[in-house]
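Throughout the sequence shown, residue numbering follows UniProt numbering, covering 1 to 81 in sequence.
This report refers to the structure that appears directly beneath it.
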Amino acid sequence: MEKHQRFCQENGLISQFVSAKTGDSVFLCFQRLAAEILGIKLNKAEMEQSQHVVKADIVNYSQESVARTVNPPRSSMCTIQ
Numbered sequence: 001m002e003k004h005q006r007f008c009q010e011n012g013l014i015s016q017f018v019s020a021k022t023g024d025s026v027f028l029c030f031q032r033l034a035a036e037i038l039g040i041k042l043n044k045a046e047m048e049q050s051q052h053v054v055k056a057d058i059v060n061y062s063q064e065s066v067a068r069t070v071n072p073p074r075s076s077m078c079t080i081q
């Protein structure tokens with residue numbers, strides 16, 4: 001990552017890490033790109049408003065259900081999970 005940042009600085013490029021899998025920072029990337037093209041400087045509040053916080057409950061599964069999936073009983077049937 002340090003090499004990437006250094007390359008961007010040396011070549012006058014902007015850098016934005018995004019995730020195609022989760023969609024993290026994709027909107028912010030396009031917003032920064034559009035602002036750069038238009039010569040607009042985004043302030044901190046504008047950049048933070050596009051960052052969505054996802055809250056999720058932590059699930060504590062019982063160890064019994066985990067043990068069954070690790071060593072399932074043998075069967076002549078094929079299953080797809």
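All C-beta atoms in this analysis are idealised placements derived from N, C-alpha and C, irrespective of residue type, glycine included.
None of these values were measured; they are calculated from a predicted model.
Is DSSP giving residue i helix, strand or coil here?
i, result
"valine 26", "helix"
"isoleucine 58", "coil"
"alanine 20", "coil"
"lysine 41", "coil"
Leaving out five residues on either side along the sequence, give the residues of the same chain with a beta carbon under 8 Å from the beta carbon of residue i.
i, result
"isoleucine 14", "Cys8, Arg32, Leu33 and Glu36"
Within the continuous alpha helix (DSSP H) that includes residue i, where are the two ends?
i, result
"phenylalanine 7", "2 to 10"
How big is the Cα-Cα spacing for residue i and residue j?
i, j, result
"isoleucine 40", "glycine 12", "16 Å"
"glutamine 16", "aspartate 57", "29 Å"
"cysteine 29", "lysine 55", "22 Å"
"lysine 44", "lysine 3", "25 Å"
Among the residues of its own chain, which have a CB less than 6 Å from the CB of residue i, if the five just before and after it don't count?
i, result
"residue 82", "Here the chain has residues from 1 to 81 only, and residue 82 is not among them."
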